[in-house]
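Visitor: The sequence shown lines up with residues 22 to 578 when you count with my numbering. Cβ atoms here follow ideal geometry from the backbone N, Cα and C, with glycine treated the same way. Shown below is the structure under consideration.
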Amino acid sequence: MADTAQLVYVPLGGAGEIGMNMYLYGYGPARDRRWIMVDCGIGFGDMETSPGVELMVPDISFIAQNRDRLDGIFITHAHEDHIGGIGRLWDQLKAPVYATKFTAEIARRKMADEGRSTKAVKVCEWETPVKAGPFSVEFLRVTHSTLDPAALAIRTPKGIIVHTGDFKLDPDPQSGPPASLAAFERIGREGVLAMACDSTNVFNPGSAGSEGALQPHLERVIGECAGVVCATSFASNVVRLRTLAAAAAACDRSVVIAGRAMKRMIDAAIETGVMDPIPGVIDEDRARTVPDRNLFYLVTGSQGEGRAALARMAAGTHPSVTLGAGDTVLFSSRTIPGNESEIFRLYNKLSERGVRVVDADMANIHVSGHACRDELQAMYQAVKPQISLPLHGEHRHLVEHARSALEWGAGRAIVATNGALVALDANDPAVIDQIDTGRVYMDGEVFVGAFDGVIRDRLKLARQGHAVVAIVVDEDGELIADPEVRMIGAPRGGEPTLADLIAQRVDEAIERASKRDKASDSALEEVVARAARKVCMDNWGKKPVTTVIVTRLEDEE
Numbered sequence: 022m023a024d025t026a027q028l029v030y031v032p033l034g035g036a037g038e039i040g041m042n043m044y045l046y047g048y049g050p051a052r053d054r055r056w057i058m059v060d061c062g063i064g065f066g067d068m069e070t071s072p073g074v075e076l077m078v079p080d081i082s083f084i085a086q087n088r089d090r091l092d093g094i095f096i097t098h099a100h101e102d103h104i105g106g107i108g109r110l111w112d113q114l115k116a117p118v119y120a121t122k123f124t125a126e127i128a129r130r131k132m133a134d135e136g137r138s139t140k141a142v143k144v145c146e147w148e149t150p151v152k153a154g155p156f157s158v159e160f161l162r163v164t165h166s167t168l169d170p171a172a173l174a175i176r177t178p179k180g181i182i183v184h185t186g187d188f189k190l191d192p193d194p195q196s197g198p199p200a201s202l203a204a205f206e207r208i209g210r211e212g213v214l215a216m217a218c219d220s221t222n223v224f225n226p227g228s229a230g231s232e233g234a235l236q237p238h239l240e241r242v243i244g245e246c247a248g249v250v251c252a253t254s255f256a257s258n259v260v261r262l263r264t265l266a267a268a269a270a271a272c273d274r275s276v277v278i279a280g281r282a283m284k285r286m287i288d289a290a291i292e293t294g295v296m297d298p299i300p301g302v303i304d305e306d307r308a309r310t311v312p313d314r315n316l317f318y319l320v321t322g323s324q325g326e327g328r329a330a331l332a333r334m335a336a337g338t339h340p341s342v343t344l345g346a347g348d349t350v351l352f353s354s355r356t357i358p359g360n361e362s363e364i365f366r367l368y369n370k371l372s373e374r375g376v377r378v379v380d381a382d383m384a385n386i387h388v389s390g391h392a393c394r395d396e397l398q399a400m401y402q403a404v405k406p407q408i409s410l411p412l413h414g415e416h417r418h419l420v421e422h423a424r425s426a427l428e429w430g431a432g433r434a435i436v437a438t439n440g441a442l443v444a445l446d447a448n449d450p451a452v453i454d455q456i457d458t459g460r461v462y463m464d465g466e467v468f469v470g471a472f473d474g475v476i477r478d479r480l481k482l483a484r485q486g487h488a489v490v491a492i493v494v495d496e497d498g499e500l501i502a503d504p505e506v507r508m509i510g511a512p513r514g515g516e517p518t519l520a521d522l523i524a525q526r527v528d529e530a531i532e533r534a535s536k537r538d539k540a541s542d543s544a545l546e547e548v549v550a551r552a553a554r555k556v557c558m559d560n561w562g563k564k565p566v567t568t569v570i571v572t573r574l575e576d577e578e
């Protein structure tokens, strides 16, 4: 009997975009395929494309419908774009969650935040296989811009897959051992079918640089500052926070941690024993007694997040920190694509307060956590995969990675964006199907689908404004009071006003309407809406979203 079992790869998020990393590997016949998930990340909304939305998650409908065949969720590290969705989405998945010590602690906290049991989270040891259905998964040490980052060696009946996660080759990472390719070379000698690999810095030559080389540069920049110094980075980049604090201490500055997410990450690192306490930390009350020249704040908000500590400082609304002339803010982080406008807005707000802003374009205060071309090539030479699966990047990153992978020794390279189902066949790997995927918006406390129309309506309101027209008619549809018009997000000046013109045109339109239209509320609504939109188009050049409220009064007998 022919073997109908296939090994497949399906990215649900993170392939063709930055953020929302979520990848599936499946094995078996199509109707009885067993699955594992790698990472469960989130993305962040912005006012230009998703107004009112704080975060987004991949659409997990496909795997949620097959959750009885989901044998495990493996988290590579504790960055939000890899772990941020686990608490919110776990109820739809109901599978064991596997991670290394620090990452597992963050997963537990996210589960607890959502009222979920933490029993599903399992701590895994390095290079110790974990059995999950037909898969055996081994966590391999890598270096990255957080604690305990891991790559995965996934053994299947069809061959080995290496999933690199986010990585670089850092000889002095400031936490954990230096980067080593020994484990990857060991796996490579066994023969690797496919490698799913980080594409973030595929356009960048050389290597990403070492965390250990950063502190002297930070000390020089901080040492030149006279007033208060604030530094912001990702809250989950605990290693960077420690490097920043060490540089501040070397400049005779006490360290204050401002930001709940940052404090939680540092507490988790200390509690799990993967990092010693940061020396020289004082609380915000004590900071009031310290001269500005001796103060250093670690703050959240490196991506311009509106509710983060730095945004409140820039707005002058932080309860304990007031920034002004002579103070400095260091952005020791990269800009996530899509966040540019929020970050530049924050820069300008700080500048208006007299605060000097220093970022990685101005001084050597940041190194990337992602492998550049030399490091990617070294990984390919160690693993020697037959198939390259570029991930963690926009489409142009995936295409360049695929092209480069062939130069670096891969036999085949498949550009698979979100929703592609790839058959990992040693002889003929290919995209063989496309599953429905996309993104789901977290709107307040409610999930909203991308095709539900909520975000589309908001964007339309933002672009075109809103007209509300209320009319009161009798049983025959004749007006018994002047139309009431309210304009939202529209010009208010002029005489007569736009609202006055609409009221006049609506009155005329109802007078001309047929008896049939006047007899139906829905038909009358359309008559009024059409008249209102025409007035706006003629006098404003836009057609607003129009809401018509019809109140029909019946004659008393």
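Within the continuous beta strand (DSSP E) that includes D219, where are the two ends?
Guide: Here the beta strand (DSSP E) through D219 covers V213 to D219.
Visitor: Count the other C-beta atoms from every protein chain shown that fall within 10 angstroms of the C-beta of P72, then say buried if there are 16 or more, exposed otherwise.
Guide: Exposed, because fewer than 16 other Cβ atoms sit within 10 Å of the Cβ of P72.
Visitor: Relative to the C-alpha of V420, which candidate in C218, E396 and R507 has its C-alpha closest?
Guide: That would be C218, whose Cα lies nearest to the Cα of V420.
Visitor: Could you tell me which residues DSSP puts in a beta bridge with H416?
Guide: DSSP lists no partner for H416.
Visitor: Looking at C-alpha atoms only, which residue of M216, T97 and P450 is the closest neighbour of K405?
Guide: Answer by Cα proximity: M216.
Visitor: Going by Cα to Cα distance, which pick from G248, A552 and A423 is closest to A437?
Guide: Minimum Cα distance to A437 is reached at A423.
Visitor: State the DSSP-derived secondary structure class of I208, mapped to helix, strand or coil.
Guide: Here I208 sits in helix by DSSP.
Visitor: With contact counted as at least three CB pairs below 8 Å, one residue from each stretch, are the segment 387-399 and the segment 189-197 in contact?
Guide: Contact holds: three or more Cβ-Cβ distances are below 8 Å.
Visitor: Please identify the residue among R52, R54, L76 and T70 whose C-alpha is closest to the C-alpha of D464.
Guide: Nearest of R52, R54, L76 and T70 to D464, Cα basis: L76.
Visitor: Can you tell me which of the three DSSP states E38 falls into?
Guide: If DSSP states are grouped into helix, strand and coil, E38 belongs with the strands.
Visitor: For the alpha helix (DSSP H) that S275 lies in, which residues bound it at each end?
Guide: No alpha helix (DSSP H) contains S275, which is instead part of the beta strand (DSSP E) from S275 to A279.
Visitor: May I ask you to list the residues that DSSP assigns as paired with S409?
Guide: DSSP, once it has assigned bridges, lists M216 and A434 as partnering S409.
Visitor: Can you tell me whether DSSP reads Q324 as helix, strand or coil?
Guide: Looking at Q324 - three-state DSSP - the assignment turns out to be coil, as it is neither helix nor strand.
Visitor: Is it right to say I509 is buried, meaning 16 or more other beta carbons lie within 10 angstroms of its own, or is it exposed?
Guide: Per the 10 Å Cβ criterion, exposed.
Visitor: Would V42 pass as a contact of G66 if the rule is Cβ separation under 8 Å?
Guide: Position check: residue 42 holds Asn in this sequence, whereas Val was assumed. No; because the gap between Cβ atoms is not below 8 Å, this pair is not in contact.
Visitor: So is A256 buried or exposed if we call it buried at 16+ other beta carbons inside 10 Å?
Guide: When all chains shown are included, A256 counts as buried.
Visitor: When you compare only the Cα positions, how much space is there between Q579 and L110?
Guide: Lying before the first or after the last residue shown, residue 579 is absent from the chain, which here runs from 22 to 578.
Visitor: Taking the straight line between their C-alpha atoms, what separation do you get for G337 and V78?
Guide: Between G337 and V78, the C-alpha separation is close to 32 Å.
Visitor: How would you label M22, buried or exposed, when you count the other beta carbons within 10 angstroms and need 16 or more for buried?
Guide: Summary for M22: the model assigns pLDDT 42, below 50, so the residue's position carries little reliability, and this model does not support an answer.
Visitor: Give the single residue among G186, R507 and F160 whose Cα lies nearest to the Cα of K174.
Guide: As written in the sequence, residue 174 is Ala, which differs from the Lys given in the question. Nearest of G186, R507 and F160 to A174, Cα basis: F160.
Visitor: K152 to S409, Cα distance in whole Å?
Guide: Those two C-alpha atoms are separated by around 24 Å.
Visitor: Which of helix, strand or coil does DSSP assign to M22?
Guide: Model confidence at M22 stands at a pLDDT of 42, short of 50, so the residue's coordinates are unreliable and nothing is read from them.
Visitor: Quick check: the Cα distance between A550 and V566, rounded to an integer number of angstroms?
Guide: Looking at the two C-alpha atoms, the distance is approximately 9 Å.
Visitor: Going along the chain, which unbroken runs of the alpha helix (DSSP H) with 4 or more residues stay wholly within the segment 92-166?
Guide: Counting whole runs of 4 or more residues, the segment 92-166 contains the alpha helix (DSSP H) stretches 101-104, 107-114 and 122-134.
Visitor: Where DSSP assigns a beta bridge to R377, which residues make up the other side?
Guide: T349, per the DSSP bridge assignment.
Visitor: Can you give me the Cβ contacts of I460 inside the same chain, cut-off strictly under 8 Å, excluding the 5 residues immediately before and after it?
Guide: First, the amino acid is wrong: residue 460 is Arg here, not Ile. So the qualifying residues of the chain are G34, M41, G64, M77, V78, P79, D80 and A471.
Visitor: Just checking, does the segment 305-323 make contact with the segment 195-211 on the three C-beta pairs under 8 Å criterion?
Guide: As far as the Cβ criterion goes, the segment 305-323 does not touch the segment 195-211, which means the pair count is below three.
Visitor: Between the Cα of M488 and those of A447, N560, A520 and G514, spot the shortest distance and give me the residue it belongs to.
Guide: Note that residue 488 is Ala in the sequence shown, not Met. Comparing Cα-Cα distances from A488 to each of A447, N560, A520 and G514, the minimum goes to A520.
Visitor: Check each candidate in E206, E361 and G106 and name the one with the smallest Cα separation from I96.
Guide: Closest by alpha carbon: G106.
Visitor: Could you name the residues of the same chain whose beta carbon sits closer than 8 Å to that of A266, not counting the 5 residues immediately before and after it, in chain order?
Guide: Closer than 8 Å at Cβ, skipping near neighbours: V276, I299, P300, G301, V302, F317 and L319.
Visitor: So who's on the other strand from E363, going by DSSP bridges?
Guide: Paired residues: none, contrary to the question.
Visitor: Would you decide whether A502 is buried or exposed? Buried here means 16 or more other CB atoms lie within 10 Å of its CB.
Guide: The residue is exposed, with fewer than 16 neighbouring Cβ atoms inside 10 Å.
Visitor: Pairs of beta-carbons, one from the segment 244-263 and one from the segment 340-356, closer than 8 Å: are there three or more?
Guide: Yes: at least three Cβ pairs fall under 8 Å.
Visitor: So the candidates are V59, A330 and H100; which of them puts its Cα closest to the Cα of I84?
Guide: Of the candidates V59, A330 and H100, the one whose C-alpha sits nearest the C-alpha of I84 is V59.
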